[in-house]
Amino acid sequence: MQRGRRKPDWLKSRPPSGSRFTEIKSTLRDRDLHTVCEEANCPNMGECWSGEDGPGTATFMLMGDRCSRGCNFCDVETGGMEPLDPDEPANVADAVAEIGLDYVVLTSVDRDDLADGGSAHFAETIRAIKRRDPEIIVETLIPDFQGDPEAIDRIVDAEPDVIAHNVETVERLQWPVRDRRANYEQSLAVFDRVDRESDIHTKTSLMLGVGEYDHEVYRTLGDLREVGVDVVTFGQYLQPSRSHLDVFEYVHPDVFKTWRRVAEEEFDFLYCASGAMVRSSYKAGELFVEALLREGRSPEDARRHARAAGGD
Ligand code: SF4
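So, in structure tokens, the structure goes:
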């Protein structure tokens, strides 16, 4: 454990560079598309966009770059949301084809200002990608839509391959980590709804280093399994700016390994990606999901395959 501000050595990432990075950036700008990679200043962009081991990956952020909420750990701008761009679903599908992605992660800002929370727009983007190529794996990282079951059903009906939603931290720390409109029970209810309505794999992410206790993380894993969550990731919280939540501690890599073992061996999660640099969509199980869904491997075999291929 390491308190205070100096980042430990294990938190190193390389800056984005190279022709592939520039290509992806221009494709996105040409179509006025946003990525959470850029909006949240993700430390892994350099690696993800380089595409050294494959077409690369990018997480498209739908419905603009301004969120209706203001979580204290997040670098995305709050307020001043623009009307939805009706061309965005088709533009995302075009960009996916142009970049040559075979695994796409779609996320969005929260749009509590819209009657359906933007769920119809989100669902149409899934459909637009699948219409272009049904073989593309689409992982969605959705908002809680304020717990609206119809909004969640719209996403389920669009049949993405994975539905993720981030519970972010343990129940006691929901506030001040997350916006007050988010809460633990509401996030668990998202998974419960997907689990009741479909066989779609579900996934969530927890940040470590915001002040959680081990027994709280343990309990959270139990609660997540109760609502059918299959995949969980653990990553280190990193402070985007001094005006954001302080880092309580830099969690040692051995602790991340322990949580991976606990999640898979004690709670039977199908897969757990756990490491300081792991983010919702960075090395966060894609290799496992591909092995499971595209290659039809058993969960155990898919896990072995993902680990052998460098998955955290
Ligand atoms: S809901 Fe919170 S975490 Fe998500 S984009 Fe908005 S401010 Fe960031």
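With the first letter of the sequence shown counted as 1, position 19 gets the number -1 in the working numbering; the numbers rise by one all the way through.
Just so it is clear, CB atoms sit at the ideal spot from N, CA and C, and this is done for glycine as well.
Who sits around the ligand SF4, taking every residue whose Cβ is closer than 5 Å to one of its heavy atoms?
47, 49, 51, 54, 56, 89, 90
What beta strand (DSSP E) runs, 3 residues minimum, are completely inside the stretch 242 to 279?
251 to 254
Looking at the secondary structure, which residues open and close the alpha helix (DSSP H) in which residue 119 lies?
Segment 117 to 121 is the beta strand (DSSP E) holding residue 119; no alpha helix (DSSP H) there.
Taking C-alpha atoms, which residue in 117, 83, 68 lies nearest to residue 101?
68
Between the alpha carbons of residue 244 and residue 274, how many angstroms are there, rounded?
22 Å
Straight-line gap, residue 191 to residue 153 (C-alpha atoms, nearest Å):
8 Å
Do residue 184 and residue 201 count as a contact pair if the criterion is CB distance below 8 Å?
no
Span separating the alpha-carbon of residue 240 from that of residue 253
7 Å
If you run the structure through DSSP and keep just helix, strand and coil, what is residue 236?
helix
Residues near residue 106 by beta carbon distance below 8 Å, same chain, minus five either side:
86, 118, 120, 135, 138, 139, 140
Residue closest to residue 5, alpha-carbon to alpha-carbon, out of 75, 65, 51
75
Go ahead and pull the three-state DSSP assignment for residue 216.
strand
At least three beta-carbon pairs within less than 8 Å, the stretch 76 to 84 to the stretch 56 to 63:
no
Check whether the Cβ atoms of residue 219 and residue 230 sit closer than 8 Å, and answer yes or no.
no
Taking the straight line between their C-alpha atoms, what separation do you get for residue 45 and residue 91?
11 Å
Chain B within 8 Å of residue 220, Cβ atoms only:
Judged by its chain identifiers, the structure shown contains no chain B, having just a single protein chain.
From the DSSP output, in three-state form, read off residue 42 for me.
strand
Could you round the C-beta distance between residue 108 and residue 73 to whole angstroms and report it? I think they count as a contact, below 8 Å.
4 Å
Secondary structure of residue 87, DSSP reduced to three states:
strand
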